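J.: Before I ask anything, let me first share the structure, which is written out below as structure tokens.
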């Protein structure tokens, strides 16, 4: 719901604060709920002019990265942002904001390689950095044969073996 609210606010700001653009360029910068990584948007308020503004922005982004409501993403994004936020320039901060605007289930599948991300997300430098870290950790701590094939869900049902030879007849025994 908060993502929808932010998208509507961004759309309202774009329509009211910038000179009219063709509908194709306005719609071309968004794919569903995924905003393309581009520097022509003026709707994001990134103020790095003084230390207080930087501190507030960094704190807001750190909070958003740690409080997503999806524990795995809270841990991954929160630690990445905490380690890297001070070295990000305005372009990368905008890229981070685009990543934080993505929906949790989609972002998790894209970061872990369960699904191929859309081109707009795959071209985002912050997404690429976080994904390489996740995949590096995954490859060093989990053998590939223990993971599902791309496109297949990782979470299996509690009764996957029911009805199979040697499997439980009732429930997950």
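In full-length UniProt numbering, the protein residues as written are 1 to 173. Glycine included, every Cβ here is placed at the ideal spot set by N, Cα and C. This one's a predicted model, so the numbers in the text were calculated from it and none came from an experiment.
Specify the secondary structure class of residue 116 as computed by DSSP and reduced to three states.
T.: In the structure shown, residue 116 sits in coil (DSSP, three-state: anything other than H, G, I, E or B).
J.: Closest to residue 69 by C-alpha separation, out of 124, 104, 11, 137, would be which residue?
T.: Per the Cα distances, 104.
J.: Taking the alpha-carbon positions, what's the residue 123 to residue 165 distance?
T.: One C-alpha to the other measures close to 46 Å.
J.: Could you tell me whether the Cβ atoms of residue 111 and residue 76 are closer together than 8 Å?
T.: Their beta carbons are under 8 Å apart, which means residue 111 touches residue 76 by this criterion.
J.: Check whether the Cβ atoms of residue 62 and residue 54 sit closer than 8 Å, and answer yes or no.
T.: No; because the gap between Cβ atoms is not below 8 Å, this pair is not in contact.
J.: Would you call the CB atoms of residue 125 and residue 92 closer than 8 Å?
T.: Going by C-beta atoms, residue 125 is nearer than 8 Å to residue 92.
J.: Express the C-alpha separation of residue 136 and residue 129 in angstroms, rounding to a whole number.
T.: One C-alpha to the other measures close to 11 Å.
J.: Whose CA, out of 89, 131, 87, 116, lies closest to the CA of residue 99?
T.: Looking at the Cα atoms, 131 is the closest of the given residues.
J.: DSSP on residue 125, reduced to helix/strand/coil?
T.: In this structure, residue 125 counts as helix in the three-state DSSP scheme.
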